[in-house]
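Working notes for the structure below.
Number of protein chains: 2
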Amino acid sequence: MAVIMSAPEETVKAERKRAARRKNAAPTIADVAHEAKCSPMTVSRVINGETNVRDGTRLQVLTAIEKLKYIPNRAARSLAGGAQLRIALLFDNPSASYLSEFLMGALEEASRRDIHLLVQSCEISRESEEMIRNLVDGGIEGFILPPPLCDDQAVLDQISASGGIAVAVGPGRAEGSHGAVLIDEYQAAFDMTRHIIGLGHERIGFIVGNPEQVASGQRLQGFRSAMEDAQLEISDDLIAQGQFTYRSGMVAAEKLLGLENRPTAIFASNDDMAAAAVAMAHRRHLDVPNDITVCGFDDTELASSIWPELTTIRQPIREMTAQAVSMIAKVYKLRPRTKRMPAEKMTLPYKLIRRNSDAGPSLISSFKKLAPEK
Amino acid sequence: MAVIMSAPEETVKAERKRAARRKNAAPTIADVAHEAKCSPMTVSRVINGETNVRDGTRLQVLTAIEKLKYIPNRAARSLAGGAQLRIALLFDNPSASYLSEFLMGALEEASRRDIHLLVQSCEISRESEEMIRNLVDGGIEGFILPPPLCDDQAVLDQISASGGIAVAVGPGRAEGSHGAVLIDEYQAAFDMTRHIIGLGHERIGFIVGNPEQVASGQRLQGFRSAMEDAQLEISDDLIAQGQFTYRSGMVAAEKLLGLENRPTAIFASNDDMAAAAVAMAHRRHLDVPNDITVCGFDDTELASSIWPELTTIRQPIREMTAQAVSMIAKVYKLRPRTKRMPAEKMTLPYKLIRRNSDAGPSLISSFKKLAPEK
DNA sequence: GCCTTTTGTGGTAGCGCTACCATGATGAGA
DNA sequence: TCTCATCATGGTAGCGCTACCACAAAAGGC
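Residue numbers (my numbering), protein chains in the order written: chain B, 483 to 856; chain X, 483 to 856.
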């Protein structure tokens with residue numbers, strides 16, 4: 483049994499009891515205090531970087547900490563520290579692979595910071611109003627909103643009105659006092675388009691996302707700008723409307739592939755639609771990427787689980803959600819002093835991930851454009 | 483200020499002080515106890531799923547929890563609970579969609595219980611031995627093993643030998659002292675096969691999973707039994723070997739679809755391979771489900787993100803992983819008393835999810851077969 | 001010089017929860 | 001009938017830390 487040996491005789495019994503309770507023998511603040519010949523309070527002050535500790539004392543404490551390899555117990559700190567932050571993560575029917583990435587980041591960060599995270603499905607506008615009210619009443623201070631919820635001005639307004647802290651993950655509305663964690667959607671789409679152009683493609687089809695989401699428009703803009711920069715024509719035929727779902731991607735791809743003069747590349751606004759485009763291409767006996775290049779956006783798990791694996795834009799969803807949690811925590815701490823939310827916007831880097839779904843336009847496929855399909 | 487109103491007069495001062503300390507108004511276990519007219523201890527018991535609470539009392543407590551929207555304070559729990567449990571989740575190259583489901587369940591439960599979860603990629607047998615030793619030395623008490631790791635007897639043995647707690651998620655080996663959370667793979671495959679037969683199919687192709695995993699064999703057995711029960715012939719042609727990957731599914735499906743007398747239905751051992759089969763069918767201008775029925779297994783996110791959405795077997799992967807975490811936590815608690823691991827095996831229910839990838843064999847497709855065999 | 005401030009420290013009382021007993025109530029066995 | 005297990009429940013004492021006060025000693029103000 484791990485009984486602490488240096489205990490004074492009179493407390494031996496207490497120590498034994500203590501040893502029974504504590505399965506782990508990690509040193510506590512009391513041990514450090516004993517070692518440094520001061521009170522636990524002083525140790526606590528040193529740990530928390532408070533200024534009103536004499537330099538000599540501080541040094542003693544630090545030495546003791548070093549010696550005992552003391553690590554503060556997070557649970558105890560947050561327990562004693564008072565408030566427990568509670569954050570709700572609302573979602574409304576997003577792509578499942580997106581959601582799971584999303585949750586991972588949030589859960590991890592919340593666990594790290596000892597924050598309670600409540601995950602709730604919330605159908606936009608129909609039930610969102612009442613739900614938010616209930617949550618705020620129930621003591622929830624922060625809200626994390628993935629698309630499409632962060633695109634709804636009413637939701638954002640209601641949260642700030644009821645005193646909650648809202649952070650959008652994704653572009654969302656620019657106005658308002660909510661925080662946001664995002665990537666440069668425009669630039670990412672621009673880069674991807676330029677990448678495709680760089681492969682030699684000139685007729686490039688684009689599948690637009692759900693028009694109610696801000697990201698869709700930004701991605702489309704990025705595509706347009708890159709095309710214009712390269713002085714390539716964008717006929718309306720080559721822009722197909724989608725909804726971010728696999729199914730809508732099928733319809734849109736079908737339209738693009740059915741064109742008399744069909745594109746040699748398709749850039750879909752997300753991976754689900756890109757996967758659908760690959761399926762539709764296969765249906766027409768087109769090889770991807772040799773007959774047609776297909777690129778996606780988001781780098782969800784789907785992108786690397788189909789064949790060929792998709793060239794896509796990696797959005798650091800996990801980091802983004804983790805940042806959203808941190809942001810709420812930060813604002814919450816400052817809360818009593820500054821009434822108004824800082825409305826921080828944080829932009830994270832994206833990355834173009836090249837896999838196997840892109841290639842230069844082949845001569846054969848150029849021929850095929852005139853001849854009927856096999 | 484949120485002062486608790488129902489306080490007796492003599493404690494008003496204490497209450498005020500309390501209110502000052504507590505920044506948040508989150509309900510505590512005491513509030514729930516008050517509401518449920520029992521002691522905090524009983525509430526604690528209910529929360530922790532202990533069995534020795536009368537059903538009536540339990541219900542009262544649960545109602546109170548629901549009413550107050552009580553969320554246990556994790557910091558307090560882990561502080562009071564003593565030692566910090568650390569669990570490693572090892573994985574070796576599973577299907578990506580499976581893994582993400584898997585992680586979600588584990589992370590959530592670990593976060594709920596304030597358990598440190600270490601997620602590690604671990605190439606089977608080549609590096610597993612050293613890795614496990616290192617982890618145990620580093621203070622990891624529990625291991626969660628998805629397939630194919632839980633199929634490796636050496637890994638399981640090594641963990642028990644070094645004093646770790648191993649829980650397999652999936653069938654794994656029956657012997658040994660490890661825990662396991664699983665579904666009845668055989669029966670599930672049997673049910674699905676009977677479902678397909680019930681639609682009127684007689685020539686049914688089957689894509690086998692990775693032969694190194696126990697589940698593959700069990701699913702195949704279930705298929706075989708159902709076919710035999712229905713007195714349908716199983717020619718070797720109709721059994722194609724896969725590896726659980728999308729790509730292997732493409733190859734296997736290609737083989738089945740290329741048969742002179744091709745099957746009117748394909749039952750793939752997992753969703754990735756079923757999705758590949760759908761893609762291959764489309765490539766051959768076959769409509770799913772009107773020309774050919776395709777069914778999967780697992781109900782990963784992929785199943786409902788492609789079109790048509792797959793009829794499949796829902797395996798409650800998240801719950802299973804969550805249970806695995808709970809199981810380790812439970813064993814860990816009992817540890818000092820019982821040296822030997824209880825080796826609990828827990829079987830969870832599966833469910834046949836019917837979506838849009840199945841239908842009866844059409845007349846047209848029957849004609850195509852040239853000579854219907856019965 | 002006295003009386004206020006400041007400053008460094010210590011003591012105490014919790015934070016919300018659970019381990020560990022103690023208790024009373026029930027039932028089984030003699 | 002009385003004991004002795006068994007069960008549901010309550011009481012108490014912490015888990016490791018920090019907020020809050022108390023208090024002495026040092027430092028300033030007149």
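We put the beta carbon where it would ideally sit given N, CA and C, even for glycine.
Computed from a predicted structure; not experimentally measured.
| message | Suppose the cutoff is 6 Å on Cβ atoms and the five residues either side in sequence are ignored; what does the same chain contact list for VAL776/B look like? | response | ILE748, ALA756, ALA759, VAL760, VAL770 and SER839
| What did DSSP end up calling LYS812/X once you bin it into helix, strand or coil? | helix
| Under 8 Å between C-beta atoms, does ARG595/X make it to chain B? | no
| request: Check whether the Cβ of SER603/X lies closer than 8 Å to any Cβ atom in chain B. | output: no
| message | Which residues in chain B have a C-beta closer than 8 Å to the C-beta of MET732/X? List them in chain order. | response | TRP789
| field | Inter-residue spacing [alpha-carbon to alpha-carbon] between GLY536/B and LEU600/B | value | Checking the sequence, you will find Arg at residue 536/B rather than Gly. One C-alpha to the other measures close to 43 Å.
| said: With a threshold of 8 Å, are at least 3 pairs of Cβ atoms found where one atom belongs to the segment 554–573 of chain B and the other to the segment 780–789 of chain B? | reply: no
| message | Counting only Cβ-Cβ distances shorter than 7 Å, please list the residues of the segment 774–785 of chain B near chain X, keeping chain order. | response | GLU783 and LEU784
| task | Give me the Cα-Cα distance between ALA562/X and MET809/X, rounded to the nearest whole angstrom. | result | 20 Å
| Expressed to the nearest angstrom, what Euclidean distance is found between the alpha-carbon atoms of LEU768/X and ARG765/B? | 9 Å
| What are the boundary residues of the alpha helix (DSSP H) that VAL663/B is part of? | Per DSSP, VAL663/B belongs to no alpha helix (DSSP H); it is in the beta strand (DSSP E), 661–665.
| request: Check each residue of the segment 573–587 of chain X: if its Cβ is closer than 9 Å to any Cβ of chain B, include it; give the result in chain order. | output: SER577, ALA578, SER579, LEU581, SER582, GLU583, LEU585 and MET586
| Under a three-way DSSP split, which group does HIS683/B fall into? | coil
| For ASP780/X and THR794/X, believed in contact at Cβ under 8 Å, the rounded distance | 7 Å
| task | Compare the Cα-Cα distances from GLU715/B to each of ILE679/B, LYS519/B, ALA734/B and ASP619/B and report the closest residue. | result | ILE679/B
| Counting along the chain, where does the alpha helix (DSSP H) carrying SER839/B start and finish? | First-last for SER839/B: undefined, no H or E at that position.
| Beta-carbon separation of GLY704/B and ALA670/B under 8 Å? | yes
| message | Am I right that PHE584/B and PRO628/B are in contact with their C-beta atoms under 8 Å? What's the rounded C-beta distance? | response | 6 Å
| task | Using a threshold of 8 Å, state whether the C-beta atoms of GLY724/B and SER730/B are closer than that. | result | yes
| said: I believe HIS683/B touches THR746/B by the beta-carbon criterion, under 8 Å. Please report the beta-carbon distance rounded to the nearest angstrom. | reply: 5 Å
| Opposite ARG568/X in the DSSP bridges: which residues? | HIS598/X
| Of the choices VAL807/B, SER603/B and THR675/B, whose alpha-carbon is the least far from that of VAL651/B? | VAL807/B
| request: State buried or exposed for ALA636/X, treating a residue as buried only when at least 16 other CB atoms are found within 10 Å of its CB. | output: exposed
| field | Contact with chain B by HIS764/X, beta-carbon distance below 8 Å | value | yes
| task | On a CA-only basis, which of PRO509/B, SER644/B and ARG836/B is nearest THR675/B? Give me that one, please. | result | ARG836/B
| said: With three or more C-beta pairs closer than 8 Å as the rule, is the segment 595–613 of chain B touching the segment 544–560 of chain X? | reply: yes
| said: Does any residue of chain B have a CB that is nearer than 8 Å to the CB of ARG729/X? | reply: yes
| message | Among ASP753/B, SER659/B and GLU611/B, whose alpha-carbon lies nearest the alpha-carbon of PRO790/B? | response | ASP753/B
| field | Under the three-state DSSP convention, the category LEU627/X falls into | value | strand
| query | Hey, is SER844/X's beta-carbon within less than 8 Å of any beta-carbon in chain B? | reply | no
| task | For ILE553/B, count neighbouring Cβ atoms within 10 angstroms of its own Cβ and tell me buried if that reaches 16, exposed if not. | result | exposed
| request: May I have the straight-line CA-CA distance separating THR545/B from LYS551/B, to the nearest angstrom? | output: 10 Å
| What are the complete alpha helix (DSSP H) segments, minimum 4 residues, inside the segment 728–769 of chain B? | 728–739 and 753–765
| said: Can you check whether the C-beta of SER808/B is within less than 8 Å of a C-beta belonging to chain X? | reply: no
| message | Would GLU694/B and ASP633/B be called neighbours here (beta carbons separated by less than 8 Å)? | response | yes
| task | Just mark GLN805/X as buried or exposed, buried being the case when its beta carbon has 16 or more other beta carbons within 10 Å. | result | buried
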